[in-house]
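Protein chains: 2
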Amino acid sequence: MSDDFSFAVQATDGAARKGEIFTPRGTIRTPAFMPVGTAATVKAMFPQDVRATGADILLGNVYHLMLRPGAERVAKLGGLHEFMRWPYPILTDSGGFQVMSLAKLRKLDESGVTFQSHIDGSRHHLSPERSMEIQQLLGSDIQMQFDECVRLPCSDEEAERAMRLSLRWAERSRKAFREQPGRAIFGIVQGGANKALRVESARALADMDFHGLAVGGLAVGEPQEVMLDMLETTVPHLPAGKPRYLMGVGTPDDIMQAVARGIDMFDCVMPTRAGRHGLAYTRFGKINIKNSRHAEDTRPLDPDSSCPAARDYSRAYLHHLVKAGEILGMMLLTQANVAYYQQLMVGLRAAIVEGRLSDFIAETRAQWAEGEGSHLAP
Amino acid sequence: MSDDFSFAVQATDGAARKGEIFTPRGTIRTPAFMPVGTAATVKAMFPQDVRATGADILLGNVYHLMLRPGAERVAKLGGLHEFMRWPYPILTDSGGFQVMSLAKLRKLDESGVTFQSHIDGSRHHLSPERSMEIQQLLGSDIQMQFDECVRLPCSDEEAERAMRLSLRWAERSRKAFREQPGRAIFGIVQGGANKALRVESARALADMDFHGLAVGGLAVGEPQEVMLDMLETTVPHLPAGKPRYLMGVGTPDDIMQAVARGIDMFDCVMPTRAGRHGLAYTRFGKINIKNSRHAEDTRPLDPDSSCPAARDYSRAYLHHLVKAGEILGMMLLTQANVAYYQQLMVGLRAAIVEGRLSDFIAETRAQWAEGEGSHLAP
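Just so you know, the sequences run in chain order E and R.
Residue numbering for the first sequence is 506 to 883, as defined by my numbering.
Residue numbering for the second sequence is 506 to 883, as defined by my numbering.
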């Protein structure tokens with residue numbers, strides 16, 4: 506394996522691409538879904554089970570890790586990979602998004618953001634330079650620029666201000682990253698729901714020396730059609746030779762639609778969070794396992810799944826575990842959901858290679874619509 | 506494998522016995538520790554990981570299972586083994602102990618106990634006949650007589666009343682069990698902390714046609730020396746050819762001491778409950794992983810353990826997970842604790858065969874006393 510970070514597109518189908526990102530820690534097959542390992546753990550999963558679902562890369566959160574256990578401590582303990590027993594690629598976000606959504610008493614200025622920890626109220630400062638330092642201390646393979654993400658809807662003035670600040674922070678982040686052989690830094694397109702701002706942001710970032718580009722500030726409250734509209738506007742201005750990452754997205758359908766519009770990477774808490782709340786993502790659509798109609802259903806979530814959690818346990822048992830508040834219920838549903846997301850990515854990649862992405866999307870949606878019981882019909 | 510339930514003692518060392526219980530669902534090596542699978546799950550563990558720790562048999566709770574999901578429902582779903590994906594032996598308690606400790610508004614008379622569910626306040630009745638019916642519906646391999654367990658200390662009058670009631674219920678339980686090929690029913694010695702009552706109970710039960718005998722009503726608040734005194738008094742009156750089960754016990758030291766006094770089977774929530782609360786049982790004693798001195802300790806719980814949770818993750822990582830309230834922390838510590846208990850049983854069985862049980866107990870206690878750091882000393 507090379508010691509360089511690189512990306513190769515191996516097949517296309519319309520705007521969609523099937524490719525591979527090479528890193529010294531392993532190859533990431535794209536389109537890729539990155540399970541979220543917030544606080545150095547994909548919640549309720551053993552790392553080897555995350556790997557077994559087919560995940561090539563995880564996401565870690567700078568905001569959570571800087572507060573607990575602390576970036577310097579993680580570095581002292583050998584870095585995030587060693588700490589959490591995940592020797593494969595890790596992408597870290599820059600902390601900006603979570604500062605806005607979780608921290609208290611934020612004060613934002615040109616230098617960065619001062620905020621209070623949601624854990625103990627302690628004061629912290631994040632700047633582009635400190636965010637990059639933290640990501641380097643963690644040992645992240647793909648590091649994200651520090652940006653400001655605004656909630657939608659927002660005024661054009663607010664979107665423009667945040668986008669321009671994020672561009673200035675992009676330059677500072679890129680500079681602070683310096684060169685880290687085998688590691689990458691991605692810039693982040695902002696601009697709210699304003700097409701002109703999105704295009705300007707994408708073009709400016711494309712001219713900087715980033716290894717990949719992300720689209721941020723979407724799936725933050727807007728309808729799916731607005732998100733897809735922004736992607737259609739933005740993606741043509743992103744360099745074809747670099748990976749494209751849609752941050753924090755999304756539902757299985759969001760992912761399929763974004764892949765069709767040229768996105769290569771995704772992350773979202775949806776499969777893990779849903780798994781802890783009794784919701785299962787399957788080929789047959791979303792199943793609320795708490796519903797009493799599952800109480801005596803001996804069928805597994807999906808008899809054809811390669812995931813033991815989806816294949817080997819009855820819905821009746823999962824229903825019982827969730828109703829009883831048992832941790833094993835969260836463990837099994839989280840594993841089944843992450844596995845389903847990965848299986849969806851396998852299907853998307855194969856469909857792109859075969860040039861039948863739009864058929865694959867239509868078939869997948871049809872199976873969701875048919876529902877969970879249809880596979881037993883004669 | 507035979508279709509009969511049987512027990513063979515293969516070696517003795519003083520009062521201690523090393524043996525095997527044969528059941529159609531598998532062999533149970535004794536002395537055996539049974540992890541507790543309260544509500545059809547050993548909390549926070551996948552069944553295959555419970556098995557991998559070396560567990561030959563699990564315990565299920567009639568009280569919990571009759572309330573949720575219900576014994577008739579479990580039977581309809583194929584029985585408890587199928588329901589919880591544990592094809593190996595299962596022992597069920599009779600519900601008596603938990604009715605006393607968990608249920609509300611109990612009313613006890615000769616017929617049985619009427620109580621309110623701690624989950625939803627619904628009214629239920631348990632009698633020897635209903636308890637045995639539930640255990641048969643669950644498909645339990647080893648079923649326990651319905652008994653009344655009193656808290657210690659208690660008056661001799663109270664201990665005698667409960668012991669005599671339990672003997673009458675023993676006869677009714679044995680009759681209700683009828684014959685279930687390959688399955689067993691155990692009687693339960695009661696009598697509080699009164700030696701004469703214990704002896705009378707043991708003798709009376711020994712004359713009934715049980716497949717094994719349990720000692721109940723201990724480790725319910727009394728000092729260890731009282732418990733051991735009762736065992737020394739009781740065990741000589743139990744048939745040598747039948748397995749002896751000390752219910753709800755205990756700490757690793759309790760188990761060693763009871764094995765030395767002729768006990769063959771144990772169950773306890775300690776390893777699993779402790780694992781959910783940041784406490785690890787190891788060869789080096791009990792470790793409170795929440796203690797800040799573990800925050801930068803890169804050592805695993807036990808580098809020589811065959812359990813991945815004890816061997817592959819740093820104490821610093823476990824500390825972080827527990828402090829952050831992460832489910833993975835509970836998963837790892839529970840697995841490590843159940844594995845330690847099973848490893849202790851492996852050691853006890855080997856020591857009995859080698860005729861060096863007292864040395865093994867002394868060495869094990871010495872290593873606990875030396876503490877967790879000693880194995881790194883030169």
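Beta carbons: idealized from backbone N, C-alpha and C, even for Gly.
Would you say residue i lies against chain E (beta-carbon separation less than 8 Å)?
i       : result
S622(R) : no
P883(R) : Residue placement at P883(R) cannot be trusted, given a pLDDT of 35 that sits under 50; the coordinates are not used to answer.
M589(R) : yes
T803(R) : yes
H629(R) : no
L826(R) : yes
T777(R) : no
D759(R) : no
D807(R) : no
S819(R) : yes
K795(R) : no
If contacts are defined as beta-carbon pairs under 8 Å, then residue i and residue j qualify, I think. What distance do you get, rounded to the angstrom?
i       : j       : result
L736(R) : G697(R) : In fact, because the Cβ distance is near 14 Å, the residues do not count as touching under 8 Å.
H742(E) : R778(E) : The Cβ separation is near 32 Å, so there is no contact.
P717(R) : F691(R) : Looking at the sequence shown, residue 717(R) is not Pro but Gly. G717(R) to F691(R), Cβ: 4 Å. Contact.
F602(E) : L631(E) : That belief does not hold up - the Cβ atoms of F602(E) and L631(E) are roughly 11 Å apart, past 8 Å.
Y786(R) : Y845(R) : 5 Å
V694(R) : V731(R) : V694(R) to V731(R), Cβ: 15 Å. No contact.
D646(E) : P594(E) : 4 Å
S678(R) : P633(R) : 4 Å
A829(E) : R573(R) : 6 Å
E665(R) : L702(R) : 6 Å
Considering only the alpha carbon of each residue, which of the options lies closest to residue i?
i       : options                               : result
S797(E) : L823(E), T787(E) and D817(E)          : L823(E)
A608(E) : L596(E), D625(E), D614(E) and R666(E) : D625(E)
L613(E) : C654(E), W591(E) and L582(E)          : C654(E)
R781(R) : V704(R), V843(R), L862(R) and V694(R) : V843(R)
D807(E) : A855(E), W873(E), Q641(E) and R679(E) : W873(E)
R870(E) : M752(E), D758(E), E577(E) and A855(E) : D758(E)
T528(E) : A815(E), A675(E), V541(E) and A513(E) : A513(E)
F771(R) : S511(R), M550(R), V555(R) and A560(R) : A560(R)
Q640(E) : M668(E), A689(E) and V618(E)          : A689(E)
M835(R) : L784(R), R804(R), E684(R) and V725(R) : L784(R)
On the three-state DSSP scale, how would you describe residue i?
i       : result
G617(R) : strand
T558(E) : coil
F510(E) : coil
H629(E) : strand
T739(R) : helix
Y818(R) : coil
M713(E) : coil
I624(E) : coil
I595(R) : strand
D518(E) : strand
P805(E) : strand
F651(R) : coil
A681(E) : helix
G687(E) : coil
V547(E) : coil
H880(R) : Low confidence applies to H880(R): its pLDDT is 46, below 50, so where it sits in the model is not reliable enough to give any reading.
N699(R) : coil
E727(R) : coil
A829(R) : coil
Shorter than 8 Å from the beta carbon of residue i to some beta carbon of chain R?
i       : result
E831(E) : yes
Y845(E) : no
A785(E) : no
R573(E) : yes
R578(E) : yes
D625(E) : no
K581(E) : yes
G876(E) : no
Tell me residue i's beta-bridge partners as DSSP assigns them.
i       : result
N793(E) : L784(E)
R534(E) : E525(E)
Y750(E) : A719(E) and M770(E)
M836(E) : For M836(E), which the question treats as bridged, DSSP gives no partner whatsoever.
G565(E) : T597(E)
I693(R) : A719(R)
V541(R) : L564(R)
K609(R) : Q621(R)
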